[in-house]
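Start counting at 1 in the sequence shown, then tack on 380, and there's your number in the working numbering. The C-beta atom is built at its ideal place from N, Cα and C for all residues, glycine as well.
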Amino acid sequence: MSRALAPPAPPASGGWREGDPVGRRRFADVGDLPLQLGGVLPGVRIAYETWGTLNADGSNAVLVEHALTGDTHVTGEAGPGHPTAGWWSALVGPGKALDTDEWFVVAANVLGGCQGSTGPSSFRPGTTLPWGSAFPRITVGDQVAAEVRLADQLGIARFAAVLGGSMGGMRSLEWAAARPDRVGAALVLASAAAATADQIGGQSAQITAIVSDPGWCGGDYHSRPDGQGPHTGLGLARRLAHLSYRTAAELDVRFGRAAQFGEDPLSPTAPGRYAVQSYLDHHADKLVRRFDAGSYVALTDAMNTWDVGFGRGGTQAALAAITVPLVVVAVDSDRLYPVADSRRIVEAAPAVVGGLRLVTSASGHDGFLLEADQIAPLVTETLARGAR
Numbered sequence: 381m382s383r384a385l386a387p388p389a390p391p392a393s394g395g396w397r398e399g400d401p402v403g404r405r406r407f408a409d410v411g412d413l414p415l416q417l418g419g420v421l422p423g424v425r426i427a428y429e430t431w432g433t434l435n436a437d438g439s440n441a442v443l444v445e446h447a448l449t450g451d452t453h454v455t456g457e458a459g460p461g462h463p464t465a466g467w468w469s470a471l472v473g474p475g476k477a478l479d480t481d482e483w484f485v486v487a488a489n490v491l492g493g494c495q496g497s498t499g500p501s502s503f504r505p506g507t508t509l510p511w512g513s514a515f516p517r518i519t520v521g522d523q524v525a526a527e528v529r530l531a532d533q534l535g536i537a538r539f540a541a542v543l544g545g546s547m548g549g550m551r552s553l554e555w556a557a558a559r560p561d562r563v564g565a566a567l568v569l570a571s572a573a574a575a576t577a578d579q580i581g582g583q584s585a586q587i588t589a590i591v592s593d594p595g596w597c598g599g600d601y602h603s604r605p606d607g608q609g610p611h612t613g614l615g616l617a618r619r620l621a622h623l624s625y626r627t628a629a630e631l632d633v634r635f636g637r638a639a640q641f642g643e644d645p646l647s648p649t650a651p652g653r654y655a656v657q658s659y660l661d662h663h664a665d666k667l668v669r670r671f672d673a674g675s676y677v678a679l680t681d682a683m684n685t686w687d688v689g690f691g692r693g694g695t696q697a698a699l700a701a702i703t704v705p706l707v708v709v710a711v712d713s714d715r716l717y718p719v720a721d722s723r724r725i726v727e728a729a730p731a732v733v734g735g736l737r738l739v740t741s742a743s744g745h746d747g748f749l750l751e752a753d754q755i756a757p758l759v760t761e762t763l764a765r766g767a768r
């Protein structure tokens with residue numbers, strides 16, 4: 381009986397790099413970007429994808445915001461340049477809730493990301509070396525400022541709607557607060573107006589897992605050989621995060637205390653894994669092969685510093701001042717961004733329409749990706765409220 385071959389070692393960074401297949405990506409050079417926490421990030425480039433056609437008056441543009449480890453590939457198959465299939469394919473496309481025969485859909489890789497936009501793994505302007513440890517701290521506000529410049533380059537004076545879940549929901553809310561003249565309505569899904577102590581604590585533990593890995597090399601690991609990047613730390617961070625994305629009840633139903641096939645967790649000499657351990661190992665391995673540890677740290681740090689009230693007199697004052705119609709949605713079983721986070725937005729922001737909306741899901745936070753049937757009418761409503 382032949383033994384299965386071990387998979388090849390992952391590259392030091394799993395992010396997209398110059399020379400890799402471009403796929404459907406396009407690129408916009410948006411210039412030097414002043415940063416909220418100080419300094420200027422030079423030569424910013426934003427990768428993006430579009431679907432549909434911008435109409436003559438530019439009124440049919442919609443911006444879709446991805447979450448922490450998402451990317452521009454909102455809809456479509458996996459293929460060269462796109463390691464995973466579209467993360468919202470059930471909602472975006474011809475005849476779907478976000479109908480690309482009607483709407484011009486834009487999805488940008490977030491500033492600090494690793495799928496073509498400026499981030500720790502991208503080349504520092506004027507060099508052939510990645511930013512690495514020199515990449516500055518960025519905020520959600522900086523990410524939206526870069527997206528505003530992208531919109532300018534695309535000739536979009538106003539998005540009819542900005543739609544986002546999780547970290548994407550933060551950017552959606554930031555658009556409404558920062559540029560009400562540039563957005564008609566915002567969908568804020570499975571997110572919060574400011575990071576809580578619980579979120580900061582959990583996310584900081586993930587950062588610590590990465591930067592404590594000897595392969596981190598202070599953030600300058602990108603030229604290391606395959607298998608010698610901070611894969612252990614990034615994989616541990618992914619395991620911790622994934623537990624917060626699902627629910628205890630779901631994991632117990634799916635896995636319980638079952639052993640992984642062919643393994644014995646109770647072996648006194650060579651203990652194997654429980655099935656749930658194998659599940660988490662699988663998700664960790666997938667991420668280290670498609671994501672960059674430096675981006676994970678930079679984006680998680682931006683989520684920790686997130687507060688829509690930054691520079692606006694505090695969270696409550698900022699929410700009270702928003703005039704853009706907000707559709708605010710929570711997943712009832714979410715333990716990363718629990719219902720109370722969305723309720724705080726609803727209670728403080730007069731611009732919220734229809735009160736707090738709830739998506740029912742056994743899947744926890746990941747319900748914002750999985751419960752397309754429930755989310756579709758909320759997308760449709762947001763588009764209608766933002767259309768002129």
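field: Ile770 vs Ala573 beta-carbon contact at 9 Å
entry: For the chain, the structure presents residues 381 to 768; residue 770 sits outside this window and is missing.
query: How long is the line joining the alpha carbons of Val759 and Ala565, rounded to whole angstroms?
result: 10 Å
- prompt: Taking the alpha-carbon positions, what's the Arg768 to Gln523 distance?
  reply: 26 Å
Host beta strand (DSSP E) of Pro422 (start-end): 420-431
message: The beta strand (DSSP E) that contains Asp561, what's its start and end?
response: Segment: none, Asp561 is in no beta strand (DSSP E) and carries neither H nor E.
- request: Evaluate contact between the segment 734-743 and the segment 694-709, counting only Cβ atoms and requiring at least three cross-stretch pairs below 8 Å.
  value: yes
field: Length of the line joining the Cα atoms of Pro510 and Ile702
entry: 38 Å
- prompt: If you count every other CB in all the chains shown that lies within 10 Å of the CB of Thr507, and 16 or more means buried, which is it?
  reply: exposed
task: Compute the Euclidean distance between the alpha carbons of Ala682 and Gly493, then round it to the nearest angstrom.
output: 11 Å
message: Quick check on DSSP: helix, strand or coil for Gly459?
response: strand
Which listed residue (Ala427, Glu482, Val420) has its alpha carbon closest to that of Asn440: Glu482
message: Taking only three categories from DSSP, how would you classify Ile518?
response: coil
- prompt: CA-CA distance, Glu398 and Asn489?
  reply: 15 Å
- request: Answer with buried or exposed for Gly395, where buried requires no fewer than 16 other C-beta atoms within 10 angstroms of its C-beta.
  value: buried
query: Which same chain residues, not among the five before or five after Thr685, have their C-beta less than 6 Å away from its C-beta?
result: Thr519
field: Helix, strand or coil at Val739 [DSSP, three-state]
entry: strand
task: Would you check if there are 3 or more beta carbon pairs closer than 8 Å linking the segment 544-556 to the segment 430-449?
output: yes
Leu716 (DSSP reduced to helix, strand or coil): coil
- prompt: With distances taken from CA atoms, which of Gly607, Ser741, Ala664 is nearest Glu630?
  reply: Ser741
query: Enumerated in chain order, which unbroken segments of the beta strand (DSSP E) with a length of 3 residues or greater are wholly contained in the segment 437-521?
result: 441-445, 484-488
message: Tell me the DSSP secondary structure of Gly411 in three-state form.
response: strand
field: Rounded separation between Ala639 and Leu623 - CA only
entry: 18 Å
- request: Would you decide whether Leu616 is buried or exposed? Buried here means 16 or more other CB atoms lie within 10 Å of its CB.
  value: buried
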